[in-house]
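Trainee: Next up is a structure, given as structure tokens.
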Amino acid sequence: MDDLYREVIIEHYKNPAYRGKLDPHDISFADNNPLCGDHIQIDLRVGTDGTVTDARFDGHGCAISQASADLLIESIIGKPLEEVKKLNKDSVLELLGIELGPVRLKCALLSLKVLKAGVYGLGEAGDDLVE
Amino acid sequence: MFVNFHSESPLTINSMTLNITEIRKDFPILQRETRAGIRLTYLDSTATSQKPSSVIQAMDDYYRQSNANIHRGVHTLAEEATAMYESAREKIAKFINAESARQVIYTRNTTESINLVAYSWARANLKQGDLVILTEMEHHSNLVPWHMLQTERGIELEFIPVTEDGLLDLETYKALLDRRPKLVSFTHMSNVLGTINPAAEMIRLAHDAGAITLVDGAQSVPHLKVDVQSLDADFYAFSAHKMCGPTGIGALYGKAALLESMPPFLGGGDMIKEVKLRSFRPNTLPHKFEAGTPAIAEAVGFGAAVDYLNGIGMDNIAAHEHEITEYALERLEEIPGVKVFGPSADKKGGVAAFTLVGVHPHDVAQILDRDGIAVRAGHHCAQPLHEKFGIPATSRASFYLYNTKEEVDLLVNGIYKVKEMFG
Ligand SMILES: Cc1ncc(COP(=O)(O)O)c(C=O)c1O
Numbered sequence: 832m833d834d835l836y837r838e839v840i841i842e843h844y845k846n847p848a849y850r851g852k853l854d855p856h857d858i859s860f861a862d863n864n865p866l867c868g869d870h871i872q873i874d875l876r877v878g879t880d881g882t883v884t885d886a887r888f889d890g891h892g893c894a895i896s897q898a899s900a901d902l903l904i905e906s907i908i909g910k911p912l913e914e915v916k917k918l919n920k921d922s923v924l925e926l927l928g929i930e931l932g933p934v935r936l937k938c939a940l941l942s943l944k945v946l947k948a949g950v951y952g953l954g955e956a957g958d959d960l961v962e
Numbered sequence: 005m006f007v008n009f010h011s012e013s014p015l016t017i018n019s020m021t022l023n024i025t026e027i028r029k030d031f032p033i034l035q036r037e038t039r040a041g042i043r044l045t046y047l048d049s050t051a052t053s054q055k056p057s058s059v060i061q062a063m064d065d066y067y068r069q070s071n072a073n074i075h076r077g078v079h080t081l082a083e084e085a086t087a088m089y090e091s092a093r094e095k096i097a098k099f100i101n102a103e104s105a106r107q108v109i110y111t112r113n114t115t116e117s118i119n120l121v122a123y124s125w126a127r128a129n130l131k132q133g134d135l136v137i138l139t140e141m142e143h144h145s146n147l148v149p150w151h152m153l154q155t156e157r158g159i160e161l162e163f164i165p166v167t168e169d170g171l172l173d174l175e176t177y178k179a180l181l182d183r184r185p186k187l188v189s190f191t192h193m194s195n196v197l198g199t200i201n202p203a204a205e206m207i208r209l210a211h212d213a214g215a216i217t218l219v220d221g222a223q224s225v226p227h228l229k230v231d232v233q234s235l236d237a238d239f240y241a242f243s244a245h246k247m248c249g250p251t252g253i254g255a256l257y258g259k260a261a262l263l264e265s266m267p268p269f270l271g272g273g274d275m276i277k278e279v280k281l282r283s284f285r286p287n288t289l290p291h292k293f294e295a296g297t298p299a300i301a302e303a304v305g306f307g308a309a310v311d312y313l314n315g316i317g318m319d320n321i322a323a324h325e326h327e328i329t330e331y332a333l334e335r336l337e338e339i340p341g342v343k344v345f346g347p348s349a350d351k352k353g354g355v356a357a358f359t360l361v362g363v364h365p366h367d368v369a370q371i372l373d374r375d376g377i378a379v380r381a382g383h384h385c386a387q388p389l390h391e392k393f394g395i396p397a398t399s400r401a402s403f404y405l406y407n408t409k410e411e412v413d414l415l416v417n418g419i420y421k422v423k424e425m426f427g
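Chains A and B are the protein sequences, given in the same order.
Using the working numbering, you'd call the opening residue of the first sequence number 832 and step up by one each time.
Using the working numbering, you'd call the opening residue of the second sequence number 5 and step up by one each time.
Here's what the structure looks like:
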């Protein structure tokens, strides 16, 4: 709990490397966390071989949600979409390097839900995507 | 028949202000630590209040001594349980100065009370094009039932605007009334801004325009002396859990003629006078609206909560909260980067919703929690209001009879810590 606000998290929150939008893009999706109104949009460019060539996120939310989005985007650039599809809750927690209670877990997983809903071409970012 | 009701809890109260040290002893949870060496500072009573021992004890006694299903039974326990359930209703009716206990319908909470009006009264009385006036500061529970009716019936909705300083714009309200609304439904006290709306005046204006009124009293009944007759409210909704009572029970007050004219809400046992294979006759008030086995222990706890609040005195509670709120606003506004929403202390109850520049409210709440300070973060079920102020969320500290100025100081110190971390 006490390293919830580890320096890396505050650093990624205050100075995110991948905040922004991509125009043009191949995939774009956005959704909210209904609990707190956090909002995340993710844009992807995908190469002909199916790897993510570039990605950005935009939106607003708490340090956990924004830092995990930044870390997530960093981790998927250069990866094949097939691998992105396999990411789950544990992948995000590993990136953050912290443990989270049920409420803050929703903040941390919003970006992954949005990412996967976009990759799968779904209309909504459901909880089942990150189990 | 003898039923052992709980006596009002003994309290030492100074003549002008409350003896908070004594009051805090009534609330066992306030003695706990949230982690080793860190005592709870509970500043989230707007979401739900803590419960005094007398309420917990009354429910415990009920289960240990008198538990039975109510009505119809003739055995001793059934009689006791029925008497306890109904006597709590009488206490609640007196507490809000209802004409009679049969005008107090038990529900699960404020939300269900409002839905009861939307399903029963509104579906019987509103048709396409009819106007319902709400306000921009409503809790989702007084928005969504009307959105649903709008979809189903094609009713129209208009909203009394909220001004920059968190008050209702009554001039616009008066202009809206020229359109002859059928219903005006508004919150007596905002759970975000703390604004205490001029309910009596708003009801009078609505009645002059021929409208029925529904007041969301979720925040007012716990904190102010509410008199439904002097307000002349047609419907008044509130929850036990915000006024020292248990979760799972609330009430809807209604004028007798209105309640009598309304069709039942849920169908089933208890709400009937007579059932044939192909038909039924509804029961009289209040039972017409109470289908199935209700929350009996919770009703007993609700009654004990009313006893407890009466023992302290609603005027004393309001005066104490005013003092704390004034102090809290003063201290919070001293902090660079903090912005508190809502009107000045003289126009509001014990709520301080605020933002801190550069830090999301969730992070504020989470860091305060390390020091045992419980505040809420989010849109507090009032998303449109937050949108109006152009912010996704706020942190909210709220105060009740057991809070102290020392706790406000802890909050302020905590916010300085947050600033340091995000510096
Ligand atoms: C102003 C207001 N109205 C309605 C409600 C809903 O109360 P309940 O959840 O008990 O139905 C609340 C509770 O947060 C409130 O503050």
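Glycine included, each C-beta is placed from N, C-alpha and C at the ideal position.
1. Who pairs with GLN872/A in a beta bridge, going by DSSP?
2. Leaving out the 5 sequence neighbours to the left and right, which residues in its chain are closer than 7 Å to ALA92/B when beta-carbon positions are compared?
3. If you reduce the DSSP assignment to three classes, tell me which class VAL342/B lands in.
4. Pull up the CB-CB distance for PHE242/B and ALA260/B, whole angstroms please, since I reckon it's below 8 Å.
5. With hydrogens ignored, establish whether the beta-carbon of HIS143/B is closer than 6 Å to any heavy atom of ligand 1.
6. For ALA237/B, tell me which candidate among HIS245/B, THR217/B and MET247/B has the shortest Cα-Cα distance.
7. Can you give me the C-alpha to C-alpha distance between GLU327/B and GLY315/B, rounded to a whole angstrom?
8. On a CA-only basis, which of PRO290/B, LYS246/B, ILE33/B and THR38/B is nearest ASP375/B? Give me that one, please.
9. Is there a C-beta anywhere in chain A that falls below 7 Å from the one on PRO4/B?
10. Please check if any C-beta of chain A sits within less than 7 Å of the C-beta of HIS151/B.
11. Would you please state the rounded distance, in angstroms, between the beta carbons of GLY272/B and ALA255/B? I believe it to be under 8 Å.
12. When DSSP builds the beta bridges, which residues end up paired with MET193/B?
13. Along the chain, which unbroken stretches of the beta strand (DSSP E) at least 3 residues long are found entirely within the segment 362 to 412 of chain B?
14. Touching or not, the segment 142 to 149 of chain B and the segment 318 to 327 of chain B, by the rule of three or more beta carbon pairs under 8 Å?
15. Just to confirm, is the Cβ distance from GLY949/A to PHE860/A under 7 Å?
16. Output yes if chain A places a C-beta closer than 7 Å to the C-beta of ASP169/B; else output no.
17. Which runs of the alpha helix (DSSP H) at least 4 residues long sit entirely within the segment 18 to 50 of chain B? Give them in chain order.
18. Three Cβ pairs or more, each shorter than 8 Å: is that satisfied between the segment 187 to 200 of chain B and the segment 127 to 139 of chain B?
19. Consult DSSP for GLU278/B and reduce its assignment to one of helix, strand or coil.
20. Under 6 Å Cβ to Cβ from ILE895/A, same chain only, skipping five residues before and after it: list those, please.
21. I'd like to check one pair, CYS893/A with ASP373/B: are the Cβ atoms closer than 7 Å?
22. Taking 6 Å as the cut-off, is the CB of SER57/B close to at least one heavy atom of ligand 1?
23. For ASN417/B and chain A, any beta-carbon pair shorter than 7 Å?
24. Return the CA-CA distance between SER13/B and LYS29/B, expressed in angstroms with no decimal places.
25. Between THR176/B, ALA299/B, LEU336/B and LYS343/B, which has its C-alpha nearest LYS409/B's C-alpha?
26. Closer than 7 Å, CB to CB, is MET425/B near chain A or not?
27. Straight-line CA distance for TYR951/A to GLN35/B?
28. Taking the straight line between their C-alpha atoms, what separation do you get for ARG208/B and ASN201/B?
29. According to a CB-to-CB cut-off of less than 7 Å, which residues of the segment 305 to 318 of chain B neighbour chain D?
30. Do you know whose CA, among LEU313/B, CYS248/B and GLY214/B, lies nearest LEU22/B's CA?
31. Whose Cβ in chain B lies nearer than 8 Å to the Cβ of ILE841/A?
32. Can you tell me whether DSSP reads LEU943/A as helix, strand or coil?
33. HIS364/B: buried (16+ other C-beta within 10 angstroms of its C-beta) or exposed?
34. GLY249/B and VAL59/B look like a contact to me (Cβ under 8 Å); what is the Cβ gap, rounded to whole Å?
35. Near TYR66/B, what residues of its chain come up, given a Cβ to Cβ distance below 6 Å and the 5 sequence neighbours on each side ignored?
36. Within the same chain, show all residues whose beta-carbon is closer than 7 Å to that of TYR844/A, passing over the 5 residues directly before and after it, in chain order.
Mentor: According to the data block:
1. ALA861/A and ASP889/A
2. ALA303, VAL304, PHE306 and GLY307
3. strand
4. That pair is no contact at about 18 Å.
5. yes
6. THR217/B
7. 20 Å
8. The shortest Cα separation from ASP375/B among PRO290/B, LYS246/B, ILE33/B and THR38/B belongs to THR38/B.
9. Past the edges of chain B, shown from 5 to 427, lies residue 4/B, and the structure says nothing about it.
10. No, HIS151/B does not count as interfacial toward chain A.
11. Not confirmed; about 19 Å, so no contact.
12. ILE200/B
13. 380 to 382 and 398 to 402
14. Short answer: they don't touch.
15. yes
16. no
17. Those alpha helix (DSSP H) runs which fall completely within the segment 18 to 50 of chain B and span 4+ residues are 24 to 29.
18. yes
19. strand
20. Excluding positions up to five away in sequence, the list reads ARG935, CYS938 and ALA939.
21. no
22. no
23. no
24. Residue confidence is low: SER13/B scores 39 on pLDDT, short of 50, so the model does not pin down where it sits. Its coordinate-derived value is still stated next. Between SER13/B and LYS29/B, the C-alpha separation is close to 11 Å.
25. Comparing Cα positions, the closest option is LEU336/B.
26. yes
27. 50 Å
28. 13 Å
29. The displayed structure is made up of protein chains A and B, and chain D is not among them.
30. LEU313/B
31. Within chain B, the C-beta atoms nearer than 8 Å to that of ILE841/A come from MET425 and PHE426, in chain order.
32. helix
33. Answer is buried; the Cβ neighbour count reaches 16.
34. Between VAL59/B and GLY249/B the Cβ distance is about 6 Å, and since that is below 8 Å, they are a contact.
35. ALA301 and VAL304
36. ALA894, GLN897 and ALA898
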